[in-house]
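Each remark here refers to the structure printed beneath this line.
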Amino acid sequence: MKFTKMHGAGNDYVYVDCFSQSLPENAPELARQMSHRHFGIGGDGLILIRPSDVADARMQMFNADGSESEMCGNGIRCVAKYVFDHSIAAKESLSIETGAGVLKLRLQVGDDGRVDQVTVDMGQPILEGPKIPTTIAASSDDGHVVSVPTEFDGRQFEVTCVSMGNPHCVIFVDEATDDLVLGLGPKIETDPRFPNRVNVEFVEVISPSEVRQRTWERGSGETWACGTGASAVCVAGVLAGRTERRILNHLLGGDLTLEWNAENGHVLMTGPASEVFSGEFHLPSRS
Ligand SMILES: N[C@@H](CCC[C@H](N)C(=O)O)C(=O)O
Numbered sequence: 005m006k007f008t009k010m011h012g013a014g015n016d017y018v019y020v021d022c023f024s025q026s027l028p029e030n031a032p033e034l035a036r037q038m039s040h041r042h043f044g045i046g047g048d049g050l051i052l053i054r055p056s057d058v059a060d061a062r063m064q065m066f067n068a069d070g071s072e073s074e075m076c077g078n079g080i081r082c083v084a085k086y087v088f089d090h091s092i093a094a095k096e097s098l099s100i101e102t103g104a105g106v107l108k109l110r111l112q113v114g115d116d117g118r119v120d121q122v123t124v125d126m127g128q129p130i131l132e133g134p135k136i137p138t139t140i141a142a143s144s145d146d147g148h149v150v151s152v153p154t155e156f157d158g159r160q161f162e163v164t165c166v167s168m169g170n171p172h173c174v175i176f177v178d179e180a181t182d183d184l185v186l187g188l189g190p191k192i193e194t195d196p197r198f199p200n201r202v203n204v205e206f207v208e209v210i211s212p213s214e215v216r217q218r219t220w221e222r223g224s225g226e227t228w229a230c231g232t233g234a235s236a237v238c239v240a241g242v243l244a245g246r247t248e249r250r251i252l253n254h255l256l257g258g259d260l261t262l263e264w265n266a267e268n269g270h271v272l273m274t275g276p277a278s279e280v281f282s283g284e285f286h287l288p289s290r291s
C-alpha cells in the first residue's frame, strides 16, 4: 500500500490516497500497525484521503489506537495540501467532507508552487454538555460547561468543555507539566463523565492574545499539536474570560493562529502543512 507521511505543526499522520488506490479493508487495524513508532511507519494515526460526492475530497481519520474520530484540524490542512500538490483539485479554495460536516479551506501557495499554509473554517463550536458529550454539570442556563470546578484524581480543576465535531476538555493551568499532561491526561480521557472519551488540553495563558498548549489526545496520547484542540482553546478562552477572540497558540511542534468570529460564530484556524516522505507499506503476514 502506497502512503505519504505528512504533519501539521508536528501532529504527524500516515496518509493513504484512496483516489489512486482502493480503500483499505481493515482501516482500524492498519492505523494501529502503521502508527507504531517501532514496528510501523510511526505517526499519531492514519488518514484516508477519499473521493467525496459532496466536496473536493473526504477525510477519514483514525487515531493510533485504531479508534475513528470525526475531525482532525491538523489533518485536514495536510489533506488540502495533498489534494492541491498532487493535482487532485488544483484550486486555492477547497471543500473537504469530514465526520463533522463539509468544511471550507483557503490555501496559501509558496514560491515552489506547493501549499505551505492553510486556513480552515472550523465551523461553530458545540457547547451544550450532552452534545459534546459530557455529564459534567452546566454552569449556565444555556447548558454550557464553562469554568466548572471539577475533581480529577483527587485534585481540583476548572474545566471548560467544547466540541469542534470531536470532544475537548480545556483546562487553564499555571504550568502544563508532564505530571498533568502524561499523568492526568489519560485519566481524564477515560473518565466516565466523558462517555465518548475526550481530548484534553492543558493551557498556559501568556497574554490575552497568546497561549501555550499541550494536548493529551483521545486514542493517540500526547501529540505535538492538535488543531481541533487549539480551536476549542480559542473558544474556551473567550467563554472563561481569559483570552481575546484572536490568539496565537504555541504548541510543541509549531504555532497556530485562531480566531472566533463574533458575527457568524465560526472558528478560523490557520497553520502549516508539510509533506515528509512517501513509501510502500507491506502489510504484515498473519500467522
Ligand atoms: N490531532 C487532531 C485531532 C485528532 C482526533 C482526536 N484524537 C480525537 O479522537 O478526536 C487535530 O489536529 O484536531
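According to the numbering used here, the sequence shown is numbered sequentially starting from 5. Beta carbons are placed, not taken as given, at the ideal position from N, Cα and C, and that holds for glycine.
Original post:
With a CB to CB cut of under 6 Å and the five nearest residues on each side skipped, what residues in its chain are close to Glu72?
Top reply: Phe66
Original post:
Helix, strand or coil: how does DSSP classify Asp69 here?
Top reply: coil
**OP:** Kindly indicate which three-state DSSP category Ser291 falls into: helix, strand or coil?
**Re:** Caution applies to Ser291, whose pLDDT of 47 falls short of 50 and renders its modelled position unreliable; the value that the coordinates give is listed next. The answer is coil: DSSP assigns Ser291 none of H, G, I, E or B.
Original post:
For Glu221, is the beta carbon positioned less than 7 Å from some heavy atom of ligand 1?
Top reply: yes
Subject >> Between the CA atoms of Asn170 and Ser91 - distance to the nearest angstrom >> reply: 30 Å
Original post:
From what residue to what residue does the beta strand (DSSP E) around Thr219 run?
Top reply: 214 to 221
**OP:** Over the uninterrupted beta strand (DSSP E) stretch that includes Pro97, give me the two end residues.
**Re:** The displayed chain sequence assigns Ser, not Pro, to residue 97. Segment 97 to 102, the beta strand (DSSP E) holding Ser97.
Original post:
Hey, how far is the Cα of Asn265 from the Cα of Glu155?
Top reply: 32 Å
Original post:
When the distance is taken between beta carbons, is Leu50 closer than 8 Å to Leu27?
Top reply: no
Subject >> Three-state class that DSSP yields for Ser144 in the structure shown >> reply: coil
Original post:
What whole-angstrom Cβ distance do Met5 and Gln25 have, given they're in contact under 8 Å?
Top reply: 7 Å
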